[in-house]
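Reading through the structure tokens given below for one structure.
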Amino acid sequence: MLHHVQIAAPAGSEDRLRKFYAGVLGWTELDKPPLLAKRGGCWFQVPGRGGPDAELHVGIEDEFRPARKAHPAFVVDVDATAAAVQAAGHPVRWADPAEIPGRRRFHTDDPVGNRLEFLEG
Numbered sequence: 011m012l013h014h015v016q017i018a019a020p021a022g023s024e025d026r027l028r029k030f031y032a033g034v035l036g037w038t039e040l041d042k043p044p045l046l047a048k049r050g051g052c053w054f055q056v057p058g059r060g061g062p063d064a065e066l067h068v069g070i071e072d073e074f075r076p077a078r079k080a081h082p083a084f085v086v087d088v089d090a091t092a093a094a095v096q097a098a099g100h101p102v103r104w105a106d107p108a109e110i111p112g113r114r115r116f117h118t119d120d121p122v123g124n125r126l127e128f129l130e131g
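The numbering used here applies: residue 11 is where the sequence shown begins, and numbers increase by one.
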């Protein structure tokens, strides 16, 4: 079972990330423990699809560079998520169905450029 995955972001980007992860995707923001909250960043609860919830931790990184290949992948309602992401002005790049037969999936970027994958369960 996965508890959380952490991605990085530049200082001062928390409000943009909240608008994407909580606003666009509808994930609940979690309170960070006080000692960790001092470092900035934000945490979100990723709803489980038939299993336990996991968490996405966004940590602040000096000299941040978004991951271009490495990425977390989330099991979601792919059509609803793609529609929400696209309506919010983010790119939806559908993967070639021949790559993983039987798995519809797409990639997008969060507001700071981190690559994300969303796939049907």
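Glycine included, C-beta positions come from ideal geometry on N, C-alpha and C.
Check, Outcome
"Cβ neighbours of H14 in the same chain (closer than 7 Å, five flanking residues each side left out)", "A64, E65, L66, H67"
"Cα-Cα separation between D120 and A98, rounded to whole angstroms", "11 Å"
"Of the residues I70, A32, I110, the one placed nearest P57, counting alpha carbons only", "A32"
"Close Cβ partners of F30 (< 8 Å) along its chain, the five nearest in sequence each way excluded", "A98, H100, D120, P121"
"Whole-number beta carbon distance between V88 and R114, since they are thought to touch under 8 Å", "5 Å"
"Identity of the residue in I17, M11, L12 nearest R78 by Cα", "I17"
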